[in-house]
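Participant: If you're matching them up, the sequences are chains A and B in order.
Under the working numbering, think of the first position of the first sequence as 4, with each following residue one higher.
Under the working numbering, think of the first position of the second sequence as 191, with each following residue one higher.
Ideal placement from N, C-alpha and C gives every residue a C-beta, glycine not left out.
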Amino acid sequence: MSWNRKHLLDIESLTAEDITTVLDTARAFKAVGERAIKKVPALRGKTVVNLFVEPSTRTRTSFELSEQRLSADIVNFNTEASSLKKGETLKDTARNLEALNIDFIVIRHSASGAPHFLARVLDASVINAGDGAHEHPTQALLDMFTIREKKGRIAGLNVTILGDILYSRVARSDIWALTKLGANVTLCGPSTLVPRVFEQMGCRVTHDVEEAIRDADIINLLRIQHERQRKSMFPSLGEYTSFFGLNKARLARTKPDALIMHPGPINRGVEIDSEIADCDRSLVLQQVTNGLAVRMAVLFLVNGGKGPQEVAP
Amino acid sequence: MPGRAAPRTGRSLNSQGERIFCGQMNSLLLTGGRVVDPANCFDGTADVLICEGKIAAVGPDAAAKAPADTERMDVRGQVVCPGLIDLHVHLREPGQVAKETIATGTAAAARGGFTSVVCMPNTTPAIDNAGTVALIHERARDQGVVNLFVAGAITKNLAGEELASIGSLKKAGVVAITDDGHCAQNNDMMRRAMEYAKMFDLPVMDHCQDYSLVIDGVMHEGYWSTVLGLRGWPSAGEEMIVARNILLAETTGAHVHCQHISAAGSVRLLREAKKRGLLVSGEACPHHFTLTDAAVAGSDKFFKADGKGVFGYSAGRGDLPSWPAYDTNLKMNPPLGSASDREAVLEGLVDGTLEILCSDHAPHCDYEKEVEFDYAPFGITGLETELALSLMQLYHSKRLGLADVIAKFTVGPARLLHLPKGTLSVGADADVTVFDPDREWVFHRCDSVSKATNSPFYGWPLRGKAAATIVGGRKAWAEQAELAKA
């Protein structure tokens, strides 16, 4: 098992073996995170720029902490105060940052393909922290890590992704990762947000929520992406909740060991009942915890690490 | 049309922007070429004599009629045809000269084998008034390399709200009206424009795009937009306006020409309308019948999915061109369609539903295109590659004969725009294109004479290339001359 990639731009171009390498490496880093001294010197002397051109709380905090635990120097790029607001192009901004001899750029951007564009014009390693409605690869990797940790495997599991699929980068990354690792993926939500074209990505599409979750081992909920939607794609949040929200009655008709995931931020009372979000079948906070180990693993690997065998025991 | 005096440089343009050459003219004899002249249903080996800027003779007697000092050009092995016309180019003058100028755009046209181009009105200011038309004619006279005809706006500032001064535009010499780059959404506005323009015998061309369906789409809506997470542009966004235009053609009895058709449904609608005898027509661009939306995902995906047949005639020869995912040189309006859209456009060209080929040459600055896909402007250059790509996808693929392809670059646009061009009839303007349909070459960025570099076809192995472009009896461009200079 050997990682050999300079960037992490998407899950689509990874092999199942690549994904497994990240998950195994993350497991080693999770063990590190449970020690009294949580910091390792893997990225000492390296500089990471966190270029967040779109708001983010969870992902940004998680990346920053991962970088600190790997002993990297960190530059946080605040777009509100940046030259991007003054009309500088992304290419010029990034090349100016690179002129400071940085090693990695972690980018979050509202335009799909922005990380790919940066990877073309820069020598630095680029890590995609979410691009438009395209992909959010580290989220999918932490989802896979969490599923594998809880269920012991991914192949053969029934995973239902419920919610706004059309505008979701998490959905796309999860679909690629799950199908590459052999899970059965069902997508469910309103027909306007879950078009049939997703079947061509190897998924089953249904608009019947009861049927979608009945045999699921994992129910992955996605929130409604107000900011990316062209206009209302369904009549009201109330109608959405009544047809697609996960509530106690619906949960009662699922397999008893079905687990609930959500990449956050949660809209309580919309896609999920508040008490379910906090119940013991919810993995939401464990996903956040695992995100740290997964992002450490990704940074470690794109820095030239080959796999878990190189993580200090 | 009134002529224009004062031939300052020994060459000039009339009010329509055609080059007219004054004073001493040499004669030119093209010998031994395969003359393909669809206007006269002629296809055979013949000599062509040009005197005083006009076609003087075609055939066995041409050599005998040539004056003693006639320059001779041996064009054996080459095709000699009426000068090619591209009725859809953006030359960006006035006001957007960082992208392209009349000088560089018409130079690119000459290099691509085109003797006449029609420039679109989405300039700054828009070509919605006679003054701007006059300015362009003046620039063309001073700096143009080929004939330049002007398309005026349908509505003021292309805003779709008030009719432009269509009569004054006609008087100033425009050959058609269009809001290209924009599309009049108000159906009554379009109806009145068609009725009004009909009075002046002025063709109305329309860029078919329903804003309420297309919204902020950046690529064809389908599998690839889904995978790439890019906002989709549904085919119905084009088809809706094609249908609207057909209904209005029926209502008004006016001719409407649908620009750069890219969707299968549009071809079907036009085919049915023509069958019913309505005055509608359509054009196609090489990128829409060469590439597909898969190309936006990068060359690997394209050649694995829809690109297999593109180099069918030379499978396995040479390296395939390569480009990355999200390359903004694959972003154009209308966007690249699916493989079935591409096939439908090809079928439309074959059965005559689409009777005109053009480039939609749309130059942009590198810094405008080197941005996130969402933020890049729509459009690619095309004047230097359209002949080769059309020959590859239509002639070398054996879908159409050579004369049929040439007709779509000559008779087709000349008929629509009522231009006295596109023919090698004796007495016609000596606009002549000489090209080698089999010549294999690679299009390189450094060879382009357009000011812009936003072409997706750099590095492409192409087949078919212009050798000489003769405008009004003079060589506007000749590969031999260029080689001699180098």
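Find the residues of chain A that neighbour residue 564/B, judging by a C-beta separation of less than 9 Å, and give them in chain order.
Facilitator: In the second sequence, the residue the question calls residue 564/B occupies position 374. Per Cβ cutoff of 9 Å: 113, 114, 115, 116, 117, 135.
Participant: Using beta carbons (cut-off 9 Å, strictly below), is residue 124/A in contact with chain B?
Facilitator: Taking the first sequence and counting its residues from 1, one reaches residue 124/A at position 121. Chain B, which has a Cβ nearer than 9 Å to the Cβ of residue 124/A, makes this yes.
Participant: Mind checking whether residue 520/B and residue 457/B have CB atoms under 9 Å apart?
Facilitator: What you label residue 520/B is simply residue 330 of the second sequence in a count that begins at 1. What you label residue 457/B is simply residue 267 of the second sequence in a count that begins at 1. The answer is no: Cβ separation not under 9 Å.
Participant: Would you list the residues sitting across from residue 423/B in a DSSP beta bridge?
Facilitator: To locate residue 423/B, count along the second sequence from 1; it is residue 233. BP columns for residue 423/B point to 410/B.
Participant: For residue 588/B, does the three-state DSSP call read helix, strand or coil?
Facilitator: One-based indexing of the second sequence puts residue 588/B at position 398. The answer is coil: DSSP assigns residue 588/B none of H, G, I, E or B.
Participant: Is there a Cβ from chain A that is less than 9 Å from the Cβ of residue 482/B?
Facilitator: Here residue 482/B refers to the residue found at position 292 of the second sequence. It does not: the Cβ of residue 482/B has no partner Cβ on chain A nearer than 9 Å.
Participant: Taking a cut of 8 Å between CB atoms, which residues from the segment 89 to 108 of chain A lie near chain B?
Facilitator: Those would be 92, 93, 94, in chain order.
Participant: How far does the alpha helix (DSSP H) with residue 118/A in it extend, from its first residue to its last?
Facilitator: Looking up residue 118/A in the first sequence gives position 115. Counting along the chain, the alpha helix (DSSP H) containing residue 118/A begins and ends at 117 to 124.
Participant: Residues of chain B with CB closer than 8 Å to the CB of residue 317/A, please, in chain order.
Facilitator: With chain A covering only 4 through 316, there is no way to say anything about residue 317/A.
Participant: Would residue 473/B be called buried (16 or more neighbouring beta carbons within 10 Å of its own) or exposed?
Facilitator: Along the second sequence, read from residue 1 onward, the residue named residue 473/B stands at position 283. It counts as buried.
Participant: Helix, strand or coil for residue 177/B? Go by DSSP, reduced to three states.
Facilitator: Outside the displayed range of chain B (191 to 676) lies residue 177/B, so it cannot be described from this structure.
Participant: Taking CB distances under 9 Å as the criterion, tell me whether residue 290/A reaches chain B.
Facilitator: Locating residue 290/A in the first sequence gives position 287, counting from the first residue. Cβ-Cβ to chain B under 9 Å: no for residue 290/A.
Participant: Does the CB of residue 527/B have a neighbour CB from chain A at under 9 Å?
Facilitator: In the second sequence, the residue the question calls residue 527/B occupies position 337. Chain A, which has no Cβ nearer than 9 Å to the Cβ of residue 527/B, makes this no.
Participant: Just mark residue 586/B as buried or exposed, buried being the case when its beta carbon has 16 or more other beta carbons within 10 Å.
Facilitator: Counted from its first residue, the second sequence places residue 586/B at position 396. Per the 10 Å Cβ criterion, buried.
Participant: Could you tell me which residues DSSP pairs with residue 7/A in its beta bridges?
Facilitator: Within the first sequence, residue 7/A is the residue found at index 4, counting from 1. Residue 7/A is not bridged to any residue.
Participant: Is the segment 296 to 315 of chain A in contact with the segment 33 to 46 of chain A, if contact means three or more CB pairs nearer than 8 Å?
Facilitator: In short, these stretches touch, since the Cβ pair count reaches three.
Participant: In this structure, does DSSP put residue 279/B in helix, strand or coil?
Facilitator: Position 89 of the second sequence, counting from 1, holds the residue named residue 279/B. Three-state DSSP puts residue 279/B in a strand.
Participant: Under 8 Å Cβ-Cβ, which residues of chain A neighbour residue 516/B?
Facilitator: For the purposes of this step, residue 516/B is taken as the residue at position 326 of the second sequence. Residues of chain A passing the Cβ test: 115, 116, 119, 120.
Participant: Determine the direct distance from the alpha carbon of residue 575/B to that of residue 59/A, and round the result to whole angstroms.
Facilitator: Mapped onto the first sequence, residue 59/A falls at position 56. Mapped onto the second sequence, residue 575/B falls at position 385. Their backbone Cα atoms lie some 45 Å apart in a straight line.
Participant: Taking the alpha helix (DSSP H) that residue 602/B falls in, what are its first and last residues?
Facilitator: If you number the second sequence from 1, residue 602/B lands on position 412. Run containing residue 602/B: 601 to 607, per the alpha helix (DSSP H) assignment.
Participant: Does DSSP classify residue 263/B as helix, strand or coil?
Facilitator: Numbered from its first residue, the second sequence carries residue 263/B at position 73. In the structure shown, residue 263/B sits in a strand (DSSP, three-state: E or B).
Participant: Counting Cβ pairs closer than 8 Å, one from the segment 201 to 221 of chain A and one from the segment 243 to 256 of chain A, do we hit at least three?
Facilitator: A contact exists between the segment 201 to 221 of chain A and the segment 243 to 256 of chain A.
Participant: Cβ of residue 278/A less than 9 Å from any chain B Cβ?
Facilitator: To locate residue 278/A, count along the first sequence from 1; it is residue 275. Residue 278/A does not count as touching chain B.
Participant: Which runs of the alpha helix (DSSP H) spanning at least 4 residues fall entirely within the segment 551 to 595 of chain B, listed in chain order?
Facilitator: Fully enclosed alpha helix (DSSP H) runs of 4 or longer: 556 to 559, 576 to 580.
Participant: Comparing alpha-carbon positions, which option in 241/B, 619/B, 273/B lies nearest residue 600/B?
Facilitator: Here residue 600/B is taken as the residue at index 410 of the second sequence, counted from 1. Nearest of 241/B, 619/B, 273/B to residue 600/B, Cα basis: 273/B.
Participant: Measuring CB to CB, does residue 291/B end up less than 9 Å from residue 661/B?
Facilitator: Against the second sequence, residue 291/B aligns to sequence position 101. Against the second sequence, residue 661/B aligns to sequence position 471. No. Outside cutoff.
Participant: Could you pull out every residue in the same chain whose Cβ sits closer than 7 Å to the Cβ of residue 115/A, ignoring the five residues on either side in sequence?
Facilitator: The residue given as residue 115/A occupies position 112 in the first sequence. Around residue 115/A: 134, 135, 136, 137.
Participant: Name the chain D residues whose beta carbon is nearer than 9 Å to that of residue 172/A?
Facilitator: No chain D appears in the structure shown, which is made up of the protein chains A and B.
Participant: So, helix, strand or coil for residue 636/B, using DSSP?
Facilitator: Sequence index remark: in the second sequence, residue 636/B carries index 446 (1-based). DSSP places residue 636/B in helix when its eight states are reduced to three.
Participant: Flag this pair as yes or no: are the beta carbons of residue 290/A and residue 265/A separated by less than 9 Å?
Facilitator: Looking up residue 290/A in the first sequence gives position 287. Looking up residue 265/A in the first sequence gives position 262. Their beta carbons are under 9 Å apart, which means residue 290/A touches residue 265/A by this criterion.
Participant: In three-state DSSP terms, what is residue 256/A?
Facilitator: By 1-based counting over the first sequence, the position of residue 256/A is 253. Correct three-state label for residue 256/A: coil.
Participant: Helix, strand or coil: how does DSSP classify residue 198/B here?
Facilitator: The residue you call residue 198/B lines up with position 8 of the second sequence. A caution first: residue 198/B carries a pLDDT of 37, below 50, which makes its placement in the model too unreliable to give a value.
Participant: What residues of chain A sit near residue 557/B, judged by a beta carbon separation below 9 Å?
Facilitator: Here residue 557/B refers to the residue found at position 367 when the second sequence is read from its first residue. Those are 92, 94, 95, listed as they occur along chain A.
Participant: Where residue 382/B and residue 439/B are concerned, what is the direct C-alpha to C-alpha distance, given to the nearest angstrom?
Facilitator: Walking along the second sequence from the start, residue 382/B turns up at place 192. Walking along the second sequence from the start, residue 439/B turns up at place 249. When rounded, the distance between both Cα atoms is 11 Å.
Participant: Tell me the residue span of the alpha helix (DSSP H) that contains residue 295/B.
Facilitator: Taking the second sequence and counting its residues from 1, the one referred to as residue 295/B is at position 105. Segment 292 to 301, the alpha helix (DSSP H) holding residue 295/B.
Participant: Quick check on residue 264/A: does DSSP put it in helix, strand or coil?
Facilitator: The residue labelled residue 264/A in the question sits at position 261 within the first sequence. Reduced to three states, the DSSP call for residue 264/A is strand.
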